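Per our numbering, the sequence shown starts with residue 6, numbered consecutively.
Glycine residues also receive a C-beta, built at the ideal position from the N, C-alpha and C atoms.
Quick caveat, the model's predicted, so the values are computed rather than measured.
Taking it in order: structure first as structure tokens, then the write-up.
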Amino acid sequence: MQLFLPRLPSGRGHYIVDMSIVPQELLEVIANDGDVPTAVTDVRDIGAATARIIADERTINRLVFAYGEVSSQGAAYQVLEGVSGEGIERRVVSHLISFSSGWSWIVDSWG
């Protein structure tokens, strides 16, 4: 499973985070309390899942939602903090809005 990870305060691992297609400022905020379930698919599983969906007659002219695991931003932060031994500041937002020119959010709290 791939996760969108925030930067560590020490700077370790920045080369991994910097490869993300998601804007860095989005990786540094947590929606609501961080416990919102999110369906996650490992990129290595997409080909096999697509082949199975195409081959299954039940999926013809149907919308199919495929995922491998359910996780949350809070869980991702906990894993990274556990592995790194560093605490990560949490920027909590209540609303995340996409604009054609970029992203905007309302910050509710820090810490």
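When you compare only the Cα positions, how much space is there between Ser15 and Ala80? For the pair Ser15 and Ala80, the Cα-to-Cα distance works out to about 20 Å.
Can you find the residues in the same chain that come closer than 6 Å, C-beta to C-beta, to Thr64, ignoring five residues on each side of it along the sequence? Ile58
Grab me the residues of Val69's own chain with a C-beta within less than 6 Å of its C-beta, minus the 5 sequence neighbours each way, in chain order. The residues are Ile58.
Quick one: measure Cβ to Cβ for Thr43 and Val75, integer angstroms, because I've assumed they're closer than 8 Å. 7 Å
For my contact list, Leu13 and Ser99 are in at a C-beta cut-off of 8 Å; report their separation, rounded to the angstrom. Between Ser99 and Leu13 the Cβ distance is about 25 Å, and since that is not below 8 Å, they are no contact.
Where are the beta strand (DSSP E) runs, 3 residues long or more, that stay fully inside the region 46-91, in chain order? The qualifying runs are 74-76.
Can you check DSSP and say which residues form a bridge with Val93? With the sequence shown as reference, residue 93 is identified as Ile, and Val is not the correct amino acid for it. None; Ile93 has no bridge partner.
DSSP three-state call for Val41: helix, strand or coil? coil
Hey, Val41 and Ser77: beta-carbon distance below 7 Å or not? yes
On the CB-based measure, 16 or more other CB atoms within 10 Å of its CB, does Trp51 come out buried or exposed? It should be noted that the sequence gives Ile, not Trp, for residue 51. Counting Cβ neighbours within 10 Å, Ile51 comes out exposed, since fewer than 16 surround it.
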